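Worksheet: the structure to be examined is printed underneath.
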Amino acid sequence: EKGGYDHFMLKEIAEQPRAVADTLLGRVDANGMLTLDEVRIAASVLREVDKVVVVGCGTAFHAAMVAKYAVEHWTGLPCETELASEFRYRDPILDGRTLVIAISQSGETMDTLMALRHAREQGAKVLAICNTNGSTIPRESDAVLYTHAGPEVAVASTKAFLTQLVACYLVALYLGQVRGSARGDEVRDAVGELAGISGAVQEVLATMEPVRELARSLADRNTVLFLGRHVGYPVALEGALKLKELAYMHAEGFAAGELKHGPIALVEDGTPVVVVVPPAREQAVLHGKVVSNIQEVRARGARTVVIAEEGDEEVVPYADHLVRVPRTPTLLQPLVTTVPLQVFACELATARGNEVDQPRNLAKSVTVE
Ligand code: M6R
Numbered sequence: 253e254k255g256g257y258d259h260f261m262l263k264e265i266a267e268q269p270r271a272v273a274d275t276l277l278g279r280v281d282a283n284g285m286l287t288l289d290e291v292r293i294a295a296s297v298l299r300e301v302d303k304v305v306v307v308g309c310g311t312a313f314h315a316a317m318v319a320k321y322a323v324e325h326w327t328g329l330p331c332e333t334e335l336a337s338e339f340r341y342r343d344p345i346l347d348g349r350t351l352v353i354a355i356s357q358s359g360e361t362m363d364t365l366m367a368l369r370h371a372r373e374q375g376a377k378v379l380a381i382c383n384t385n386g387s388t389i390p391r392e393s394d395a396v397l398y399t400h401a402g403p404e405v406a407v408a409s410t411k412a413f414l415t416q417l418v419a420c421y422l423v424a425l426y427l428g429q430v431r432g433s434a435r436g437d438e439v440r441d442a443v444g445e446l447a448g449i450s451g452a453v454q455e456v457l458a459t460m461e462p463v464r465e466l467a468r469s470l471a472d473r474n475t476v477l478f479l480g481r482h483v484g485y486p487v488a489l490e491g492a493l494k495l496k497e498l499a500y501m502h503a504e505g506f507a508a509g510e511l512k513h514g515p516i517a518l519v520e521d522g523t524p525v526v527v528v529v530p531p532a533r534e535q536a537v538l539h540g541k542v543v544s545n546i547q548e549v550r551a552r553g554a555r556t557v558v559i560a561e562e563g564d565e566e567v568v569p570y571a572d573h574l575v576r577v578p579r580t581p582t583l584l585q586p587l588v589t590t591v592p593l594q595v596f597a598c599e600l601a602t603a604r605g606n607e608v609d610q611p612r613n614l615a616k617s618v619t620v621e
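Using UniProt numbering, the first residue of the sequence shown is number 253, and each one after it goes up by one.
The following block contains the structure:
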């Protein structure tokens with residue numbers, strides 16, 4: 253059932269181009285606009301929404317963090333992201349005009365379920381983004397947008413994450429379309445870009461041998477740091493989470509702008525620092541700042557692993573290892589930059605002799621709080 257792969261995780265990483273494409277299927281009309289008929293929240297209700305809150309745990313929380321950028325960009329609505337496990341223990345301000353988006357692969361995560369119950373008690377509408385048909389979270393939500401990743405067996409989430417990202421972009425664009433905050437050509441362009449992502453992920457997958465080699469060479473390190481900005485920040489967190497759960501290494505993700513506020517003290521001679529670089533074309537200012545960060549950590553001895561889009565020549569002099577990803581718009585970049593980090597973690601786990609599909613102390617679905 254592993255389809256010739258040594259681990260389910262490897263199979264699921266390889267399935268991502270298909271999973272991403274499937275999650276778009278049937279959701280785009282002949283004019284390139286979105287038809288999310290399954291989202292059974294009336295357009296009139298969606299037009300009244302004045303705030304969006306996105307919740308999830310672990311990897312799903314990282315998708316939620318990316319969703320915030322997409323929702324703000326395409327809807328102009330204030331959007332908060334919260335760990336599902338923290339959400340109901342503060343006093344979140346929710347009412348009938350709040351849309352809560354609950355993201356869960358399994359649909360059974362207790363923290364996420366309790367968060368959505370709390371939201372509904374306050375009168376908020378809840379939209380689930382879920383990979384498991386008929387599971388508890390979609391059943392208890394007002395509506396659901398299913399991700400079409402197919403069953404994910406490995407404890408470490410890979411293809412579910414990419415499809416959660418796609419679903420988040422779809423919801424943000426759909427909200428923008430229904431509310432009139434995203435122009436028709438903007439929706440069509442973004443949908444067209446999303447349609448090209450499957451091929452882009454395939455391209456990344458075809459160039460992963462150097463990443464595997466690099467991972468093997470780092471098997472005896474204790475610490476790996478990950479830096480990113482904007483939507484690259486949740487990608488950095490996701491890269492670190494993968495490494496923790498699979499390789500049992502000390503791995504931390506930071507917003508690159510925080511470096512000088514503390515984390516740079518962690519950098520020692522030879523410390524691997526993985527940096528997710530935003531596209532220079534769209535993010536000239538951020539790009540420049542991230543390139544400076546690469547130089548700063550390198551000056552302190554870091555071994556830099558730079559993930560940057562094709563054509564970005566500015567990073568070349570400061571990259572001890574350079575991982576190229578195809579060009580995408582900034583917002584969609586996590587769909588390609590996450591993939592090398594998954595491969596990296598999987599290979600490091602293997603090199604350290606760990607059980608890839610069943611990491612110690614973890615369960616696929618966490619059904620207790
Ligand atoms: O099933 P869910 O998406 O609700 O699960 C949430 C987290 O438990 C899950 O993403 C976890 O962090 C993964 N093991 C990460 O790879």
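Beta carbons: idealized from backbone N, C-alpha and C, even for Gly. Here the structure is a predicted model, which is why all the values come from computation and not from measurement.
For residue i, report the span of its beta strand (DSSP E) as first-last.
i: P524; result: 524 to 528
i: K303; result: 303 to 308
Pull up the DSSP beta-bridge partners for residue i, would you.
i: Y398; result: C382
i: S356; result: C382
i: F478; result: G505, V526
i: T333; result: V306
i: K377; result: L351
i: L286; result: V280
Need the endpoints of the alpha helix (DSSP H) that residue i sits in, please.
i: H482; result: Run containing H482: none; DSSP gives neither H nor E here.
i: Q278; result: In the sequence on display, residue 278 carries Gly and not Gln. Run containing G278: none; DSSP gives neither H nor E here.
i: T364; result: 362 to 373
i: R621; result: The residue asked about is misnamed: residue 621 is Glu in this sequence, not Arg. Unbroken run through E621: none, as it is neither H nor E.
i: R299; result: 295 to 300
i: P390; result: 388 to 391
i: D437; result: 436 to 457
i: V608; result: No alpha helix (DSSP H) holds V608; DSSP gives it neither H nor E.
i: K254; result: Premise fails: K254 is in no alpha helix (DSSP H) and is neither H nor E.
i: E461; result: 461 to 469
i: V423; result: 411 to 431
i: I265; result: 260 to 266
Determine, using beta carbons only, whether residue i and residue j come nearer to each other than 9 Å.
i: Q357; j: S409; result: yes
i: Q454; j: T311; result: no
i: N385; j: E404; result: no
i: residue 241; j: P578; result: Beyond the ends of the chain as shown, which are 253 and 621, falls residue 241; an answer cannot be given.
i: H400; j: A266; result: no
i: A467; j: A597; result: yes
i: L479; j: A488; result: yes
i: R550; j: D572; result: yes
i: P592; j: V483; result: no
i: E461; j: K512; result: no
i: E334; j: V306; result: yes
i: T523; j: L495; result: no
i: T388; j: C309; result: no
i: Q594; j: P530; result: no
i: V304; j: V323; result: yes
i: L379; j: A354; result: yes
CB of residue i to nearest heavy atom of the ligand M6R: below 8 Å?
i: A412; result: yes
i: I265; result: no
i: residue 701; result: Coverage of the chain is limited to positions 253 through 621, which leaves residue 701 absent and any answer about it impossible.
i: C598; result: no
i: I355; result: yes
i: T364; result: yes
i: L288; result: no
i: T523; result: no
i: K494; result: yes
i: E497; result: yes
i: G505; result: no
i: V407; result: yes
i: S617; result: yes
Can you check whether the C-beta of residue i is within less than 9 Å of a C-beta belonging to chain B?
i: K616; result: Within the model displayed, chain B is absent; a lone protein chain is all it includes.
**OP:** Would you list, in sequence order, the uninterrupted alpha helix (DSSP H) runs of no fewer than 4 residues that lie entirely inside the stretch 497 to 579?
**Re:** 536 to 551
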